[in-house]
Amino acid sequence: MVDPILVTSGIKRYKGKWDREQVAHLLKRTMFGSCRADLDHFHKKSLKKAVKELIHTEYPVPGPPINNYNDDKFTDTEILPGADWTVARKFDGMNNGRRKNSFKSWWFGLMLNQDRSIREKMVLFWHNHFVTETNTVDNALFCYRYNVLLRKYALGNFRELVKAISLEPAMLRYLNGYASSKKAPDENYGRELQELFTVGKASDLKHVGIDAGFTGGTKPDAAGVRVGPETPHYTEEDVKAAARVLTGYTLNYKTFSSSFDPKRHDEGDKQFSSFYGSRLIAGKKGKDGADELDELLDMIFARDEVSRFICRKLYRFFIYHTIDDATEENVIVPLAKLFRKKKYEIAPVLEALFQSRHFFDPANYGCMIKSPVDFTVGLCREFNIAFPDVSDCEEQYGLWEQLRNQATGLQQNIGDPPNVAGWQAYYQEPEYDKLWISSDTLPKRNQFTDRMIGGGFARNGRKIVIDPLGFAAGMSDPANPDTLIAESVRGLYPTDLSAEQLQFIKTNILLSGLVGMSSDHYWTNAWQAYQDKPDDKGARNIVTTRLRSLYRHLMDLPEYQLM
Amino acid sequence: MKRRDFLRTTAPIVLFPSLINGLSVRALAESPVLNSIGHSLESDHVLVLVQLSGGNDGLNMVIPVEFYDAYHAARPNIAIPQARVLKLDGFDRTGLNPAMPELKDLFNREKLTIVQGVSYPHPDFSHFRATDIWLTGADTGQVLSTGWAGRYLNHEYPHFPEDYPNTAMPDPLAIQIGSLVSPVLQGPILTMGMAISNPGSFYDLLNDKAPAAPTSRAGDQIAYIREMAVKTDQYAGVIKAAAQKVTRQSDKYPAAGKNPLADQLKIVARLVAGGLRTKIYLVSMGGFDTHARQTEPDDTTTGNHAKLLAKLSEAIGAFQDDLQGLQVSGRVMGMTFSEFGRRIRSNASGGTDHGAAAPVLIFGDAVKPGIIGDNPSLPSNATVNDNVSMQYDFRSLYNTLLEKWFQADTFTTTSLLGKDFPVLPFV
Chain A
14 MVDPILVTSG IKRYKGKWDR EQVAHLLKRT MFGSCRADLD HFHKKSLKKA VKELIHTEYP
74 VPGPPINNYN DDKFTDTEIL PGADWTVARK FDGMNNGRRK NSFKSWWFGL MLNQDRSIRE
134 KMVLFWHNHF VTETNTVDNA LFCYRYNVLL RKYALGNFRE LVKAISLEPA MLRYLNGYAS
194 SKKAPDENYG RELQELFTVG KASDLKHVGI DAGFTGGTKP DAAGVRVGPE TPHYTEEDVK
254 AAARVLTGYT LNYKTFSSSF DPKRHDEGDK QFSSFYGSRL IAGKKGKDGA DELDELLDMI
314 FARDEVSRFI CRKLYRFFIY HTIDDATEEN VIVPLAKLFR KKKYEIAPVL EALFQSRHFF
374 DPANYGCMIK SPVDFTVGLC REFNIAFPDV SDCEEQYGLW EQLRNQATGL QQNIGDPPNV
434 AGWQAYYQEP EYDKLWISSD TLPKRNQFTD RMIGGGFARN GRKIVIDPLG FAAGMSDPAN
494 PDTLIAESVR GLYPTDLSAE QLQFIKTNIL LSGLVGMSSD HYWTNAWQAY QDKPDDKGAR
554 NIVTTRLRSL YRHLMDLPEY QLM
Chain B
7 MKRRDFLRTT APIVLFPSLI NGLSVRALAE SPVLNSIGHS LESDHVLVLV QLSGGNDGLN
67 MVIPVEFYDA YHAARPNIAI PQARVLKLDG FDRTGLNPAM PELKDLFNRE KLTIVQGVSY
127 PHPDFSHFRA TDIWLTGADT GQVLSTGWAG RYLNHEYPHF PEDYPNTAMP DPLAIQIGSL
187 VSPVLQGPIL TMGMAISNPG SFYDLLNDKA PAAPTSRAGD QIAYIREMAV KTDQYAGVIK
247 AAAQKVTRQS DKYPAAGKNP LADQLKIVAR LVAGGLRTKI YLVSMGGFDT HARQTEPDDT
307 TTGNHAKLLA KLSEAIGAFQ DDLQGLQVSG RVMGMTFSEF GRRIRSNASG GTDHGAAAPV
367 LIFGDAVKPG IIGDNPSLPS NATVNDNVSM QYDFRSLYNT LLEKWFQADT FTTTSLLGKD
427 FPVLPFV
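Order-wise, the sequence lines are chains A and B.
End of the first sequence = 576 in my numbering, gap-free, step of one.
End of the second sequence = 433 in my numbering, gap-free, step of one.
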């Protein structure tokens, strides 16, 4: 899809207004939804302080997932109900699947209860980047530890993250590194390390006119991609050589850790192509063989493609799907330069991005389609939906799971992306995030919001459901229909509705067809009657019915799919 | 895709911006009543509900000529001059507002019935509460969350929404045209249905009119979502196909945009004649909350209320003419209703305040013509507290439509309406 308008703003510091609209834009992108309390909180600060708080605040490491999974077929004899199962040493067919489920629901809970931080969004970003699939990794503890690793490095140093993830049991298991030995080096990780995690595919090297060393190739296609035989890129030989460097790692299912086994390591020299400056990594003997990984990463990180590839990926995840020449030049290239200058520290790049004129360019408000996680978690956060607390962990996890299943139905199953490349919406040209919306998922999205404003989701008498009265009561003047609608729209949409649409909503929903300015008082009176007698069922019903219709309608409109 | 899915898909967005009402569907072939007679389109009865929002002044619509002096005394500033009242053949004691020549004509051609004094015990004077009572069929102190028509459809077509649409029931069970978000079709579980909120977008669909090209990144995303919504909406196809079968309609309709109710009814006629098996249509018009300057002071036959009644009359007149020309008038029955009537006595602002009972109009080839009930008795010195009193519970009308027009059995209607309200002789 061709970008409908040209956007030329770059990463210079944004110095424009800092109203709720800007705060909401920042929060919708860096957190899941922009809830009222967070809006109030950050609106009082400057943009600089807000971004700093979102990126640099240290929050305690979340507590581990617990046993919520005893049922009539299984009782965990090692881990008591409500207790941390990540200390367990026994993983078998009966407990492992239940623990994997517990892990995923726990993770969903972390997103729902996120701190005022970009951290959980970054965990999802890295999960989509360094994909593992729970189904394939299989061991619940590996899955949990992988998630902990992503959270630990989420805003840290990218090179260190690459090294850590390379040795992480879940990744060794997922891309077969644990089974790779000098006898039969498995190329899986050696390939993805370059293609998906650092350098990118040849076709990712678009705008190669900017990439140093480019000579020739095809003419740019519609998307600006130029690929040709002369495009500098790693070779199949580089994949094989990297695979040999990475031989020797094994998994220990007693300690649930990885280790380096020199006997399995290929001690020969590894020759890389001209793309890597014809680098030779000399084979090392014994335990020193493990040090070859550092050399490999040094060699890879010497390529500028790495910083550009990651900055593009961040851009697509946080800003907009299409990167045209102007964006490449004004945003990606300078960000990538900063990334290299900061020795691949992630935080400075995010700080620059979220304070940039480009981020606050009016063109970039509301231009992303919410991912299913943004859609479901964001709804709960924006409507301040209360979940059972930890004292009722079975219902708490159960309701987290129901919500997670909704996101899964909308085609984003956290912990299990469709493949090693992650969710298509983050990489598939030309549709990108439009892929979230299909003839299957659009109706499901509407059903989900209808249900949340209607009957809600229940488990053993505990229920999550939107409280339309509570939401409306948080507006500055809910008795005034214009204010109520305008603030509701601003609270739920990244963009405004037209005056005609606002009028339509007022007349046909809040006023039940009563027309003319003089009719506003009917709503005002109804709201006042409810305020005067909140326990009067009739008075309450009149406003509840109309507010439900209002919020149902707002969530049915396409604007609600955007962020 | 499950039925729930596609119903939901009835695109909240472009074409049907507010898909609202819950209905539930079962194949007509599975309906015991229709099963016994076999399906033919001719036997499909259609009900058109015409909601008049704001509280229509029944006394100035159906004028109690019989008590003209008391009528005039109670509202001298807005009373219709006796000489201008439209006469009804065979009913000298009652007449119509002069703004409604088409409805007078329909009455005299025995296609219109007037039911006098429709309300319910202890009427509520709040728009919202009274509207909810009428739409849900509740008692005055009772709060119901489902619409009366929604309950009927849910009963008649259980197991919604699985397996629909299907060959036996390819069409939406109910369609709401016009923008009012009304819970009348709200079923016990689902809160969705077919709504064509904007006649303009309906014609865009028929003409495959593409929306304007997006001019922003967000606009591009919205355009895509709208496009997907239309594609996903399986009803868009059947509606379009039905509408396209009808190429000529009555020339009695005013030009598009002049009379919103006429625009809505024109679509209803087109869809009925095009073969949709949809049972219930809801159309609406607003503006009846005439507290002030209801009529022009120097000529009470003109002014705001007269304009509203003229539109109502013109729209229904054209609609009936159209149905006849399209040869489907025998299948369609319509009913107007408003949340309440207005006070007997007018106020000093040349308007009327919220009242109680009011007449309801039933129209169609199949009505038993005439007037049911008496002219409201009016006190000789009406005070601000005097109201038109109830002669018929509004649920008697619902019950009559369900039992006599849709052939529902008494046991069913009693459970749907909470009580066995007497059937009235208008069908």
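Positions of the beta carbon are idealized from the N, C-alpha and C atoms, including for glycine.
For residue i, which residues in chain B fall below 9 Å Cβ to Cβ?
i, result
"Ala539/A", "Ser132, His133, Phe134, Arg135"
"Tyr535/A", "Ser132, His133, Phe134, Asp295"
"Ala376/A", "Ser222, Arg223, Ala224"
"Tyr333/A", "Arg223"
"Ser451/A", "Met234, Thr238"
"Leu575/A", "Ala224, Gln227, Ile228, Ile231"
Check the Cβ of residue i against every Cβ in chain B and list those closer than 7 Å, keeping chain order.
i, result
"Glu572/A", "Ile228"
"Cys380/A", "Arg223, Ala224, Gln227"
"Ile345/A", "Neighbours of Ile345/A on chain B: none; closest Cβ ~17 Å, over 7 Å."
"Ser532/A", "Asp295"
"Tyr162/A", "Rather than Tyr, the amino acid found at residue 162/A in this sequence is Leu. Here the premise fails: no neighbours, minimum Cβ distance about 34 Å."
Would you list the residues sitting across from residue i in a DSSP beta bridge?
i, result
"Ile12/A", "Outside the displayed range of chain A (14 to 576) lies residue 12/A, so it cannot be described from this structure."
"Gln57/B", "Ser290/B, Phe343/B"
"Ala180/B", "Ile286/B"
"Val68/B", "Leu102/B"
"Phe273/A", "Tyr262/A"
"Arg565/A", "Answer is none; Arg565/A lacks a bridge partner."
"Thr118/B", "Here residue 118/B is Leu; the residue named in the question, Thr, does not match the sequence. In the DSSP output, where bridge partners are listed per residue, Leu118/B has Phe369/B."
"Glu358/A", "Asn170/A"
"Ala364/B", "Val124/B"
If we cut at 9 Å on Cβ distances, does residue i have a partner in chain C?
i, result
"Ala235/B", "Absent from the structure is chain C; the protein chains it does hold are A and B."
Assuming contact is defined by CB atoms lying nearer than 9 Å, are residue i and residue j in contact in what I supplied?
i, j, result
"Arg223/B", "Cys156/A", "no"
"Val390/A", "Met124/A", "yes"
"Lys298/A", "Tyr439/A", "no"
"His133/B", "Gly60/B", "yes"
"Glu586/A", "Gly428/A", "Beyond the ends of chain A as shown, which are 14 and 576, falls residue 586/A; an answer cannot be given."
"Thr389/B", "Thr296/B", "no"
"Arg277/A", "Tyr262/A", "yes"
"Ala76/B", "Leu384/B", "yes"
"Ser194/A", "Asp279/A", "yes"
"Pro385/A", "Gln441/A", "no"
"Ile522/A", "Ser562/A", "yes"
"Ala363/B", "Gly347/B", "yes"
"Val3/B", "Met341/B", "Residue 3/B is absent from the model: chain B starts at 7 and stops at 433."
"His142/A", "Phe210/A", "yes"
"Leu53/B", "Ala155/B", "yes"
By the criterion of Cβ-Cβ separation under 8 Å, what are the contact partners of residue i in chain B?
i, result
"Lys550/A", "Val149"
"Ile336/A", "Within 8 Å Cβ-Cβ: nothing; Ile336/A doesn't reach chain B, min ~13 Å."
"Lys447/A", "Gln227, Tyr230"
"Ile313/A", "What Ile313/A touches in chain B: nothing, since even the nearest Cβ is about 34 Å away."
"Ile18/A", "Thr221, Ser222, Arg223"
In chain A, which residues lie less than 8 Å from residue i when you measure between Cβ atoms?
i, result
"Arg232/B", "Pro571"
"Asp138/B", "Asn554, Ile555, Thr558"
Mind listing the chain A neighbours of residue i? Cutoff is C-beta to C-beta under 9 Å, in chain order.
i, result
"Pro189/B", "Thr558, Ser562"
Using a cut-off of 7 Å between C-beta atoms, extract the partners of residue i located in chain A.
i, result
"Ser59/B", "Ser525, Gly526, Leu527"
Checklist entry - At a Cβ cut of 7 Å, what residues of the region 128 to 145 of chain A count as close to chain B, listed as they run along the chain? => result none
Checklist entry - Using 8 Å as the threshold, is the region 251 to 260 of chain B in touch with the region 319 to 327 of chain B, meaning 3 or more CB pairs across them? => result yes
Item to check | Residues in the region 274 to 300 of chain B having any Cβ partner in chain A nearer than 7 Å | outcome: Ser290, Gly292, Gly293, Asp295
Item to check | the region 502 to 522 of chain A: positions lying closer than 8 Å to chain B by Cβ | outcome: Pro507, Thr508, Phe517, Thr520, Asn521, Ile522
Checklist entry - Three or more C-beta pairs closer than 8 Å, one from the region 97 to 104 of chain B and one from the region 123 to 138 of chain B: is that the case here? => result Two segments are said to touch when three or more pairs of C-beta atoms, one from each, lie closer than 8 Å; by this definition the region 97 to 104 of chain B does not touch the region 123 to 138 of chain B.
Checklist entry - Are the region 402 to 414 of chain B and the region 92 to 99 of chain B in contact at 8 Å, needing three or more beta carbon pairs? => result no
Checklist entry - Would the region 273 to 289 of chain B and the region 298 to 316 of chain B be scored as touching if the rule is three or more Cβ pairs under 8 Å? => result no
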